[in-house]
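Novice:
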Amino acid sequence: MELDDLKGTWKNESELTKLNADIMEIIQHKTYGPLAAMKRVFKRQIVLMATIPLLLIATNANDVHAVFTSVMFWTYVVFCMCVVSFAYKSYRIVQHMELMEPVKGALARQIDLLEKRKRWELAGLRVGLLTFVALTEIVPYFQHYRMLDYWHSLPPALRLSAYLALFAMQYFMNRKIARRNIGVHLDYLRRLMNEFDEN
Amino acid sequence: MERTFERQIKEHEAMLHKLCRIYATPDERQDLFQDIVIQLWKAYPRFRGQSQFSTWLYRIAINTALTGLRKKKLPVTIIASTELPEQAYDSNMDEEENVRQMYSAIGRLNDVEKAIVMLYLEDRPYREMEEILGINEGALRVKMVRIKDKLRGLTKNG
């Protein structure tokens, strides 16, 4: 049998299939597709990052002045705001991602967005950690003097080892998280793109 | 707007179900159908009639089918003989077996090839297939020849 011979059977199916899907009911549901999943991840990030500074204030409610004059706190606020704006930008891109455009173009746009996001996320987290380490080392000489009696009283070699361990842990954790959140989907999209390009 | 949308979807509902059958396992079909309809509804206000309604609908449906089922995807989607249209049973047994084999072979194609085959079976002209998939007409014709060869091989080998 040739593919063309199947056309008749294929067409007759339209006439034979009795369908009673309630379209009006279906459109009230939420979508669980990958774009919706990505939007949920970005939304979660926005909420989480916007909540953390508030939590810090709440846990130090007895000395709010100290929180507001803390360099560490404001650095953290800036970091959270960067993550929030990045997540919001990604959310808007996904929201406007047109499934209406030709399939190959839509795939290419999704791949591009996810690759960029993955790169920026990894770079942002590394810079964030570096800043945190630098501030931990420098700030106690100007503020939070008590830290000099604790963390800074440890031998430099030990502190350096701890930082290196932190970087190593971040490296592996990030790879694992990025793989789980984006990587698997990205690999699948790339495979689809290859199917488009192969002859 | 809702009523117009419902009417237009109803007109293409059979095609959407056939697409779901090609791309999804029996358990996933209802979810995929639902997801496609939701995506169509969300995009509907932005449909300005620059292309035919069917072209717009195929794009969204195929986009959703291709990217929407990555988690539970099976390597091969085989359409069981019990799912074949009634007409296949009315014909002789050889014909029925041939149709079953052909559907089974289509299930073994990759996702992009399945989309091309579906549009071909829907009798969409190559120009419209190009608009839907974003593959140029020449490349589509070449792909179609190769797909037919592949299907021939697959049906011969069972």
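Protein sequence lines, in the order shown, are assigned to chains A and B. Mapping the first sequence onto numbering that gives the first Met the number 0, position 182 (from 1) lands on 181, and the numbers just tick up by one. Mapping the second sequence onto numbering that gives the first Met the number 0, position 152 (from 1) lands on 151, and the numbers just tick up by one. By construction, the Cβ of each residue, glycine as well, lies at the ideal position given by its N, Cα and C atoms. Note that the coordinates shown come from a computational prediction; the quantities given were computed from them, not determined experimentally.
Should B:I159 be labelled buried (16 or more other beta-carbon atoms within 10 Å of its own) or exposed?
Specialist: Residue numbering for chain B in the displayed model covers 0 to 157; residue 159 of chain B lies beyond these limits and cannot be assessed.
Novice: Is the region 9-28 of chain B in contact with the region 50-61 of chain B, if contact means three or more CB pairs nearer than 8 angstroms?
Specialist: Touching, yes.
Novice: How should B:M101 be labelled, buried or exposed, when 16 other C-beta atoms within 10 angstroms of its C-beta is the threshold for buried?
Specialist: Label assigned to B:M101: buried.
Novice: Below 8 angstroms between beta carbons is the criterion; list the residues of the region 165-193 of chain A that meet it against any residue of chain B, in chain order.
Specialist: So the close ones are V183, H184, Y187, L188 and L191.
Novice: Give a yes or no on whether the minimum CB-CB distance between A:E1 and chain B is below 9 angstroms.
Specialist: So yes, A:E1 belongs to the interface.
Novice: Can you list the residues of chain A that B:T3 reaches, using a CB-CB cut of under 9 angstroms?
Specialist: By Cβ distance, chain A contributes nothing, its closest Cβ being about 11 angstroms from B:T3, past 9 angstroms.
Novice: Note down the Cα distance separating A:G127 from B:R145, rounded to an integer number of angstroms.
Specialist: One C-alpha to the other measures close to 51 angstroms.
Novice: Would you tell me roughly how many angstroms separate the C-alpha atoms of A:A57 and A:S160, rounded to the nearest one?
Specialist: Those two C-alpha atoms are separated by around 33 angstroms.
Novice: Below 8 angstroms on the Cβ atoms is my guess for A:V102 versus B:I61; work out the distance and round it to an integer in Å.
Specialist: Their Cβ separation, rounded to whole angstroms, is 5 angstroms, which keeps A:V102 and B:I61 in contact under 8 angstroms.
Novice: For B:Q51, is the classification buried or exposed, using 16 other Cβ atoms within 10 angstroms of its Cβ as the cut-off for buried?
Specialist: The residue is exposed, with fewer than 16 neighbouring Cβ atoms inside 10 Å.
Novice: Helix, strand or coil, according to DSSP, for A:M99 in the structure here?
Specialist: Note: A:M99 maps to coil in three-state DSSP.
Novice: Return no unless some Cβ of chain A is closer than 9 angstroms to the Cβ of B:V75.
Specialist: For B:V75, the pLDDT reaches just 41, beneath the cut-off of 50, and the residue's location in the model is therefore unreliable, although a value from the coordinates is still provided. Chain A, which has no Cβ nearer than 9 angstroms to the Cβ of B:V75, makes this no.
Novice: Would you say A:V83 and A:I45 are within 9 angstroms of each other, going by their C-beta atoms?
Specialist: Cβ distance < 9 angstroms, so A:V83 and A:I45 count as in contact.
Novice: Measuring alpha carbon to alpha carbon, tell me which of A:C79, A:I22 and A:F41 ends up nearest A:T50.
Specialist: The residue with the shortest Cα to Cα distance from A:T50 is A:C79.
Novice: Which residue marks the beginning of the alpha helix (DSSP H) containing B:D26, and which one marks its end?
Specialist: First-last of the alpha helix (DSSP H) with B:D26: P25 to A42.
Novice: Note the first and the last residue of the continuous alpha helix (DSSP H) segment covering B:S53.
Specialist: Run containing B:S53: F52 to G67, per the alpha helix (DSSP H) assignment.
Novice: Indicate the three-state DSSP secondary structure (helix, strand or coil) for A:N61 in the structure shown.
Specialist: Reduced to three states, the DSSP call for A:N61 is helix.
Novice: In this structure, how does DSSP classify B:R123 when only helix, strand and coil are distinguished?
Specialist: B:R123 falls in the coil class under three-state DSSP.
Novice: What's the gap between the Cα of B:Q49 and the Cα of A:A164?
Specialist: Spanning the two alpha carbons is a distance of roughly 57 angstroms.
Novice: Out of B:L65, B:F32 and B:I131, point me to the one whose CA is closest to B:K9's CA.
Specialist: For the residues B:L65, B:F32 and B:I131, the minimum Cα distance to B:K9 belongs to B:F32.
Novice: Let me make sure I understand the geometry here. Which of A:Y162, A:L191 and A:Y144 has the alpha-carbon closest to that of A:A65?
Specialist: The shortest C-alpha separation from A:A65 is found at A:Y144.
Novice: Give me the Cα-Cα distance between A:I25 and B:L39, rounded to the nearest whole angstrom.
Specialist: Straight-line Cα distance between these residues: approximately 11 angstroms.
Novice: Cβ of A:V93 less than 9 angstroms from any chain B Cβ?
Specialist: No, A:V93 lies away from the interface with chain B (no Cβ there is under 9 angstroms from its Cβ).
Novice: Can you tell me whether DSSP reads A:K29 as helix, strand or coil?
Specialist: Here A:K29 sits in coil by DSSP.
Novice: Report the rounded CA-to-CA distance for B:Y125 versus B:Q29, giving the unit in angstroms.
Specialist: Roughly 29 angstroms between the two C-alpha positions.
Novice: Using a Cβ cut-off of 7 angstroms, pull out every chain C residue sitting near B:I134, in sequence order please.
Specialist: The question asks about chain C, but that chain is absent: this structure's protein chains are A and B.
Novice: Would the beta-carbon of A:L2 fall within 9 angstroms of that of B:L150?
Specialist: For A:L2 and B:L150, yes; Cβs fall inside 9 angstroms.
Novice: Rounded to the nearest angstrom, what separates A:K38 and A:Y90 at their Cα positions?
Specialist: Roughly 6 angstroms separates the two Cα atoms.
Novice: Short of 8 angstroms in beta carbon distance, which residues of its chain neighbour A:E100, apart from the five on each side in sequence? Order them along the chain.
Specialist: Correct list, in chain order: R108.
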